[in-house]
Amino acid sequence: MHDLVSSMSNNECSMVKSPSQVISKKVRHVSFVDADIIKEGLPSFVSSIGHLRTILVPSDEIKPDQSFVDSCVSRFPRLQALDLSGSNIEVLPKKMGNLKHLRYLNLDSNRKMKKLTKSICKLQKLETFMFEGCSELKEIPRELRYLISLRKLTITTKQKRLPENAIGCLNSLRVLEIGGCENLEYLCGDIGTLKALQSMAIGYCPSLLSLPCDIKYSTSLKTLLIVDCEKLNLRIEMEEDDSRQDLNSTRIQLRSIFIKELPNLEELPQWLLHGNTLESLTIQLCPNFIALPESLQNLQSLQLLAIVDCPKLTSLPEDMHRLIALRRLVIGGDCPALIERCKRIQVKIGIRLLISLGFGLMAR
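With full-length UniProt numbering, letter number 305 in the sequence shown gets 305, and the count goes up by one each step, no holes.
See below:
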């Protein structure tokens, strides 16, 4: 996507603001900023341009309809980027699979679409595919595994379990975001086999019970963000599996962990802290969180430790002074005992202590 943006020159880009606007035949990238322009489908003065590469509908106030989407797909087979976020379509065009050059597809926040056409899985050059916020989408097709170039995937689904042999087969995937899945109880077990996955975010999945065991063997994963999953228990199956003598297995080595609004979280499971690579650890709004593990002292790369609104956590591990890389300790919310404890640690090891009653410092 970066290469695509870099290739755009000023005379190739046009922001469509008026039905009477004159657009050069040299234009390859268009963005619509007025809902009236597309309310009756794709304007003829755009349709006549020819070889468009990019169509963007960036405003939340503009809702592309079925006619507009059908026309875009059939008229411009050389599209490389198509942003239809917030559209009002129920079905993707069957010809979607003909967009052989498509590298970026954004279907976010389409609350009418119930099904992804299987032809979409013919898009073997697709690098970014986003359909988060598609709250009526019934299922993710197994054919998703054929998107061999996919690097970023954001999803919402009504399924209780993500299908096996689908997402877990995307060997080029680097970023995975799963959000707003009200029924989702389990992820697919083969997510841990994704050898290129670097970042995973899971948010607003109130029924999610656990993460797959094999995620702790995801050696490429560097960033893990989990927000508002009220039933999630990070210890389910994970800690039991740790009893195996699998010394030859390589474990997860995270650099950044952000956990927010997990009411079942009482302690951090050991699998999250494996290795000596963690640089940032944030735990926020976890009302039953009571203790950080003593093994925290072994995190020699930890630079930021942030605890916000975890009222049952009253102290930190005794050997915090061993955290030689720690530069910032952020404490927020109503936790006076923990604040006093941290002030003493600050004097002992000279870290920068930052006490905040707000949440600005915790912004994603």
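Each residue gets a CB set at the ideal place from its N, CA and C atoms; glycine is no exception. These numbers come from a predicted model, not from an experiment.
Apart from the 5 residues on each side of it in sequence, Ile252 sits with its Cβ closer than 8 Å to the Cβ of Ile215, Lys216, Tyr217, Ser218, Thr219, Leu221, Trp271, Leu272, His274, Gly275 in its chain, given in chain order.
With respect to the C-alpha of Thr277, the residue from Pro287, Cys286, Leu326 having the closest C-alpha is Leu326. Ile167 places its beta carbon 9 Å or farther from that of Ala201. When C-alpha distances from Leu254 are compared across Leu232, Leu224, Leu265, the shortest belongs to Leu224. His51 is not bridged by DSSP to any residue. Take Lys17, set aside five residues on each side of it, and the residues of its chain with a beta-carbon closer than 7 Å to its own are Val33, Asp34, in chain order. Secondary structure remark: continuous beta strand (DSSP E) runs of at least 3 residues inside the segment 101-187, in chain order: 104-106, 128-131, 152-155, 175-179. For Gln80, the secondary structure class from DSSP, reduced to helix, strand or coil, is coil. In this structure, the straight-line span from the alpha carbon of Pro19 to that of Lys158 is close to 39 Å.
Comparing alpha carbon positions, the residue from Tyr146, Met320, Ile178, Asn264 closest to Glu294 is Met320. Around Arg322, the same chain offers Gln297 as residues with beta carbons nearer than 7 Å, after the five sequence neighbours per side are excluded.
The Cβ atoms of Lys100 and Pro64 do not sit closer than 9 Å to each other. For Met15, the number of other beta carbons within 10 angstroms of its own is below 16, and it is reported as exposed.
In this structure, the CA atom of Lys95 is about 40 Å from the CA atom of Phe258.
Secondary structure of Gln284 (DSSP, three-state): strand.
In this structure, Val57 is the residue among Val57, Gln80, Arg103 with its C-alpha nearest to the C-alpha of Ser87. With respect to Leu102, Ala81 sits close: the two C-beta atoms are nearer than 9 Å. Cβ-Cβ distances below 8 Å link Ala337 to Thr314, Ser315 in the same chain, with the five nearest sequence neighbours on each side left out; the list follows chain order.
Beta bridge pairing from DSSP links Leu225 with Ala201, Phe258.
Between Gly192 and Asn171, the alpha-carbon positions lie close to 11 Å from each other. Residue pairing by DSSP places Cys13 opposite His29 in a beta bridge. Taking the Cα of Leu173 as reference, the smallest distance to any Cα among Gly50, Met130, Leu84, Gln66 is reached at Met130. Assignment of Ile62 by DSSP, reduced to helix, strand and coil, places it in the coil class. The beta-carbon separation of Met113 and Glu90, rounded to 6 Å, stays under the 8 Å limit for a contact. Burial check for Ser71: the Cβ neighbour count within 10 Å reaches 16 or more, so the residue is buried.
By the Cβ neighbour-count rule, Gly203 is buried, with 16 or more other Cβ atoms within 10 Å of its own. Within the segment 281-325, the complete beta strand (DSSP E) runs of at least 3 residues fall at 304-308. Between Leu153 and Tyr186, the beta carbon gap of about 18 Å keeps them out of contact (Cβ cut-off 8 Å). The beta carbon of Ser207 lies closer than 7 Å to those of Glu182, Asn183, Leu184, Glu185, Lys231 in the same chain, with the five residues before and after it left out. Contact check for Val30 and Leu52: beta-carbon distance about 6 Å, within the 8 Å limit, so the pair qualifies. In this structure, the beta-carbon distance from Glu267 to Leu304 does not fall below 9 Å.
In the displayed model, Gly332 falls within a strand according to three-state DSSP. When the Cα atoms are used, Ser135 and Glu61 turn out to be separated by approximately 19 Å.
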